[in-house]
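If you count the sequence shown from 1, position 314 lands on 299 in my numbering, and the numbers rise without skipping. From the three backbone atoms N, C-alpha and C, an ideal C-beta is built for every residue, glycine too. Presented below is the structure to which this report refers.
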Amino acid sequence: MLRWRLTLGLLATLLILLLVGIYGVYLFHSLSTAFDKILKDNYDSIKVCHFLRVTTARLNIYYSRGDRPNPPYDQTGPLDQAQKEVNERMPVLWRNAHDSEQTVLVRDLQAVINRYFDNYRRVFAEFAANNPHYRETRGETGQLTLQITNLAENILQRNEQQMLAANNQADAQAKDSIRLLVLAMSSAVVVFVFTYARLGQSLIMPIRNLTRSIRELRSRHFEQNLPVVFSDELGELTNEFNGMAMELRNFYRETDRKFIELNQVIRAMMTTLPYPLFILDGHDALQRLNPAAERFLKGLDSPGRLPGVLERHLAKTLVTGRDYTLIDLKQAFLFRLNEQEYYFLPRVFPIVLEDGSLFGRALMLLDVTRFRWLDDLKSDMLATLSHEIKTPLTNIRLVLHLLLEKSTGPLEQTQEDLVSSACEDCERLLRTLTSLLDLARIESGKAQLDLKSIDPRILITDAAKAFEEPIRAAGRTLAVEIDGEWPPVQADRDRVGLVLSNLLSNAIKYSTPGSTITLRAQGAEPNAVRFIVTNFGAGLPESEQSRIFDKFYRVANTNGEGAGLGLSIAREIIHAHEGRIGVHSQPGKVTEFYFDLPKAGAVEV
């Protein structure tokens, strides 16, 4: 087994290293003990010999006459102190005398030292007794001092010889140890090389083959299998690798098959899709397009590139990063293809991968040419019909007013009531026709906007002044709020006033008596100001909030008057300002109509 081969090889090397380490510790301990013994024995003896020589020299100098008239033989203190110190140190020489020769030297030195101190004491006694022979006795001191010096020198040489012998022994032991360590290290190297050579065949080469096969797998080459040479752990690893390669091979084959099928399905869907579809990368460069898109670009004589108006539109929608869809037919883009006019509504949506990263975007152009023509036809028909009806209706209105004023004669009460009712219906019909004509002009673009830079507070103040009395008369309260200071907006004062008038009129109609109607302005987006009209009443069901701005639409189960054109006109006016309009409502609670106007300079006039 590979595990046992590795273990045996490593244990052999570890055992050699362990033996070398143990022997090294023993060697260091032996050398340290030898040096400690030398310092403890021989060095102490050398110090004692040196002390004896120095002490005798000092005593001889002290008790010699020198420059003094009389020697100090009456002062025994220095001699007593010196003898005491010598007696304290002599046991060191006795303790370190390990052979007979050194023992004889120490015994002779002890005898001479005793005679030396006794001689000085005879000198002191003879000097005290005025014995003139004290000088002869004093002369023997020099001979005794010389004997002490010679004996101490012999002991000193003997200890130096012992130190040199111990040093030579330690040096020889160190050399033997070095040879042994070199031999042990050589053995460790041989064992390591042998282990490496054996393991190289059974471990390193299979790993290299496995590494090379992994690189092949990364390059999607799944055909090769590794041969199983050993039945150990590497053999098991090789078997598992071959199994993994086979699973990857099957997986990629299945994935490739599914990918091809999915690609064919996508191509079929894109081919059958009647609308132009463009797939763009992260830089809005064309990656793929369906046949309808190819015909679209070919008809524009712009192969491989989107028209400028669509590129600018994509640049605007890139800021939000969300799905973008235009639903108003009036916002459709006009293109001339093969000498015919077509209207398209763009839809832009991001393409997000499974890991959440953004691949690019898709642009689909919905062909709304027929709907646009029908819408234009309807608007033209309504405008024509309204215009044609308005003239005779004006005459009828004039006749009714003449009858009501009794210019042609008196009327009975019943006749007067009928004429008054007909007059009111005529006025309502005339207002409806006027609204239809205004809506037709706005949709057709014939109603030009007088755009100017206007302070939002002026628009709020104008609407508040115009509706303060009607709101009070209806039993409601008007609250005006302007949150903060806002820059001017780009707007047509009269048209925006009409929008606020429609919203406030609806608020009066559908709010609860005694409630408060709020008119306020606040920030919306970085380049827009939001105007909001809030009222408390029955509210709008969620199912009707998306249709409230349609033409002629009226909320069900309400008694409000009107033809259902006010909010539609308001929407067209706000769209003409390149703004937004919407509603938030909670049934039975709060209804909030809002519209956003761009700040001055944020749009091109």
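Can you tell me which residues form a DSSP beta bridge with residue i?
i: S438; result: Q475
i: V384; result: Per DSSP, none; premise fails for V384.
i: E466; result: R505
i: P583; result: A513
i: N520; result: T576
i: S604; result: For residue 604 there is no data in the structure shown, the boundaries of the chain being -14 and 590.
i: R321; result: E326
i: A347; result: I264 and F334
i: R565; result: D581
i: D352; result: F329
i: S553; result: Looking at the DSSP assignment, S553 forms no beta bridge with any residue, so it has no partner.
i: S570; result: T576
i: S198; result: None, per the DSSP bridge assignment.
i: S496; result: G522
So the candidates are the options; which of them puts its Cα closest to the Cα of residue i?
i: L436; options: P455, T399, G482 and L463; result: G482
i: A513; options: L463, L350, R480 and L582; result: L582
i: R532; options: H569, A506 and L504; result: H569
i: H620; options: Q398, T497 and C408; result: Look at the range of the chain in this structure, -14 to 590, and you will see that residue 620 is not part of it.
i: G499; options: R461, E529, L444 and P472; result: R461
i: N152; options: R480, E412, N27 and E397; result: N27
i: V474; options: D440, Q142 and H268; result: D440
i: T122; options: N487, A114, Y105 and A113; result: Y105
i: S172; options: L4, W79, V465 and K574; result: L4
i: P76; options: F263, F112 and C34; result: C34
i: I502; options: N45, N520, A509 and S486; result: N520
i: V294; options: E339, F318, E470 and A451; result: F318
i: K574; options: A492, Y11 and R478; result: A492
i: R200; options: A230, T88, A451 and T180; result: A230
i: G124; options: S85, L195, Q142 and N45; result: N45
i: R357; options: D340, N380, Q316 and L383; result: Q316
Excluding the 5 residues flanking residue i on each side, which residues of the same chain have their C-beta closer than 7 Å to its C-beta?
i: F580; result: V484, F516, I559, G564, R565 and I566
i: F109; result: Y58 and T61
i: L414; result: L378
i: S553; result: L424, F534, D535 and K536
i: Y606; result: Any question about residue 606 goes unanswered here, given that the chain covers just -14 to 590.
i: E258; result: Note that residue 258 is Leu in the sequence shown, not Glu. Closer than 7 Å at Cβ, skipping near neighbours: N275 and A277.
i: R100; result: L129
i: D360; result: L314
i: I1; result: A169, S172, A173 and V176
i: S496; result: R461, I502, N520, F521 and G522
i: T256; result: N275 and P276
i: I98; result: V71 and I133
Go through its chain and collect everything with a Cβ distance to residue i's Cβ below 6 Å, but skip five positions before and after it.
i: R556; result: F534 and I566
i: N323; result: G284
i: A(-3); result: V176
i: S490; result: none
i: N144; result: N27, S30 and I31
i: F102; result: Q68
i: G586; result: none
i: F281; result: P261
i: I264; result: Q272, R273 and A347
i: R505; result: E466 and I517
i: F578; result: L488, V518 and V568
i: D241; result: none
If I measure Cβ to Cβ from residue i and keep anything under 8 Å in the same chain, skipping five residues before and after, which residues do I get?
i: G51; result: Here the model assigns G51 a pLDDT of 46, short of 50, so the residue's position is not dependable and the matter cannot be decided.
i: E589; result: Low local confidence applies: a pLDDT of 49 at E589 is under 50, so the model's placement there is unreliable, and no value is given.
i: I605; result: Summary: the structure shown does not reach residue 605, with the chain confined to residues -14 through 590, and so no result is reported for it.
i: N72; result: none
i: H118; result: E111
i: D266; result: Q272, F344 and G345
i: T393; result: L387
Subject >> the region 26 to 39 contacting the region 135 to 144, beta-carbon criterion three pairs below 8 Å >> reply: yes
Original post:
Should the region 524 to 531 be regarded as contacting the region 451 to 460, the criterion being three or more beta carbon pairs within less than 8 Å?
Top reply: no
Subject >> Inter-stretch contact (C-beta, 8 Å, three-pair minimum) for the region 338 to 354 and the region 263 to 277 >> reply: yes
Original post:
Contact between the region 64 to 79 and the region 151 to 158: three or more CB pairs below 8 Å?
Top reply: no
**OP:** Check whether the region 348 to 360 touches the region 319 to 334, taking contact to mean three or more Cβ pairs, one atom from each stretch, closer than 8 Å.
**Re:** yes
Original post:
With a cut-off of 8 Å, do at least 3 Cβ pairs link the region 251 to 267 to the region 222 to 231?
Top reply: no
Original post:
If we count Cβ pairs, one from each stretch, closer than 8 Å, do we get three or more for the region 117 to 134 versus the region 86 to 102?
Top reply: yes
**OP:** Pick out the complete beta strand (DSSP E) segments inside the region 261 to 308, 3 residues or longer, and give them in chain order.
**Re:** 262 to 266 and 271 to 274
**OP:** Within the region 112 to 168, note down every full beta strand (DSSP E) run reaching 3 residues or more, in order along the chain.
**Re:** none
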